[in-house]
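Some notes on the structure that comes next.
Protein chains in written order, with full-length UniProt numbering: chain P, 1 to 203; chain V, 1 to 203.
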């Protein structure tokens, strides 16, 4: 078990309907020391990639991406959720379906901040069905930028998002992949990750 | 001029209608090195305050608060914008009027993450009419927590938000206070700040 899996076991709460609440340390209250560990680990996994920009999406990706970026020493751009129509062609846009809020959002990134010269690492807190991530990838494509990889904190391995992204050939590094969870017992099973990938392994 | 005023002069764009665009380094693309300087400066200004939690509001406050919190070594809680009705009394709620988006939002913070034992520093990117800040202060009050102070990156000194908050006796530290700006010439005038307050003065 790595540091994040351990923390999820300790402080994550499994709810009916395959809901995993990690709001005490990840996406409402934020444990910045933990975010630093996550940043270090992504830097270790993407050490060979020429990343010059991090892209994330509001709201809960922002804190993680901001702290993680210190290990890459690059700026962060966050995609904004917007209901307004794109004006003057100044924005890359993508449609994103939200599982939690059961609505469709348009996400936008200003063309000023992403272009063909960029080598992008996408960072987000959660990967489940993958809609938000697909929107971010679409924006990277529209910009003509190179997508160097994707760093996710918690992936729900039993939903399709991660598999689709890996099938498409993208380099996806999820720090914790939940294989299954049980709301009755609270048990959480993680996918075994390559030993070499688990620098902060806790024995 | 301190480091932030200098950066606003260099990269901020004044638009008609008293709009100051700082999206290239503050609230769309985020310059994390700058955020670190801001965190250091707030830590210097609030060195004597027993802060154990930082409170901010999605979306653009989150990155600044997350990076700044490293200098305080405390967790960050961000208030979420929500259209849904508060359920089961688990949340502190406040109504916030958005100048930019011209709509009313409910902001919520889980009662789990803020209580009478907390000594709170509020951090946000902008202070103009002060609606978002008033909502956050209301949430601190509802929690029975102590408000140790408020750290703002850019205050529009010609709008009422800052004056109201100072009149109410709160300790408000804005790193840059714009007294006036001119969309024709692009000129930005900052309020003179106490020399002793400007550790990073650029001569």
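For glycine and all other residues, C-beta sits at the position ideal for the given N, C-alpha and C.
Counting only the Cα atoms, residue 165 (chain V) lies some 20 Å from residue 118 (chain V). Residue 160 (chain V) counts as exposed, since fewer than 16 other beta carbons sit within 10 angstroms of its beta carbon. In the pairwise beta carbon analysis, the region 175-183 of chain V is classified as touching the region 10-22 of chain V: at least three pairs are separated by under 8 Å. The beta carbon of residue 158 (chain P) sits closer than 8 Å to the beta carbons of 18, 178, 179, 180 from its chain, once the five residues preceding and following it are set aside; these are given in chain order. With distances taken between CA atoms, residue 81 (chain P) lies nearest to P:106 out of P:68, P:106, P:72, P:91. About 6 Å separates the Cβ atoms of residue 68 (chain V) and residue 123 (chain V), confirming a contact at the 8 Å cut-off.
Taking 8 Å as the cut-off, the Cβ atoms of residue 109 (chain V) and residue 148 (chain V) do not count as close. Residue 41 (chain P) sits in a helix when the DSSP states are folded into three classes.
Note that the C-beta distance between residue 125 (chain P) and residue 153 (chain P) is below 8 Å. With contacts defined by Cβ atoms closer than 8 Å, residue 57 (chain V) and residue 79 (chain V) form a contacting pair. Residues of chain V whose Cβ lies closer than 7 Å to the Cβ of residue 58 (chain P) are, in chain order, 58, 59. Take residue 12 (chain V), set aside five residues on each side of it, and the residues of its chain with a beta-carbon closer than 7 Å to its own are 20, 21, 22, 188, in chain order.
Ranked by Cα distance from residue 97 (chain V), the options V:66, V:70, V:130 are led by V:130. DSSP links residue 189 (chain P) through a beta bridge to P:180. Between residue 176 (chain V) and residue 135 (chain V), the gap from beta carbon to beta carbon reaches 8 Å or more. Contact of residue 183 (chain V) with chain P by beta-carbon distance below 7 Å is absent, the smallest such distance being about 18 Å.
Here residue 139 (chain V) has 92, 94, 109 as same chain residues with Cβ atoms under 6 Å from its own Cβ, once five neighbours each way along the sequence are excluded. Between residue 14 (chain V) and residue 75 (chain P), the alpha-carbon positions lie close to 23 Å from each other.
For residue 80 (chain V), the nearest CB of chain P lies under 8 Å from its own CB, placing it at the interface with that chain.
Going by DSSP, residue 151 (chain V) is part of the beta strand (DSSP E) stretching over 146-156. If you look at residue 82 (chain V), you'll find it in the beta strand (DSSP E) that goes 76-82.
Close CB contacts of residue 113 (chain V) within its chain, under the 6 Å cut and outside five residues either way in sequence, are with 77 (chain order). When the Cα atoms are used, residue 171 (chain V) and residue 49 (chain V) turn out to be separated by approximately 11 Å. Within chain P, the residues 75 have their CB atoms less than 8 Å from the CB of residue 31 (chain V), given in chain order. Residue 70 (chain V) belongs to the set of residues whose beta carbon lies under 8 Å from a beta carbon in chain P. Residue burial is scored here from C-beta neighbours: residue 143 (chain V) has at least 16 other C-beta atoms within 10 angstroms and is therefore classed as buried.
The beta carbon of residue 40 (chain V) lies closer than 7 Å to those of 71 in the same chain, with the five residues before and after it left out.
In this structure, the beta-carbon distance from residue 155 (chain V) to residue 45 (chain V) does not fall below 8 Å. At least one CB atom of chain V sits nearer than 8 Å to the CB of residue 112 (chain P).
Around the Cβ of residue 53 (chain V), a 10 Å sphere holds 16 or more other Cβ atoms; the residue is buried. Under the three-state reduction of DSSP, residue 92 (chain P) is assigned to strand. Residue contact with chain V for residue 63 (chain P): present (Cβ-Cβ distance below 8 Å to some residue of chain V). Cβ contact annotation for residue 29 (chain P) (same chain, cutoff 8 Å, sequence separation greater than five): 23, in chain order. Contact between residue 32 (chain V) and residue 62 (chain P) is absent: CB atoms are separated by about 11 Å, not below the 8 Å threshold. In its chain, beyond the 5 residues on either side, 7, 25 have a beta carbon closer than 7 Å to the beta carbon of residue 34 (chain P).
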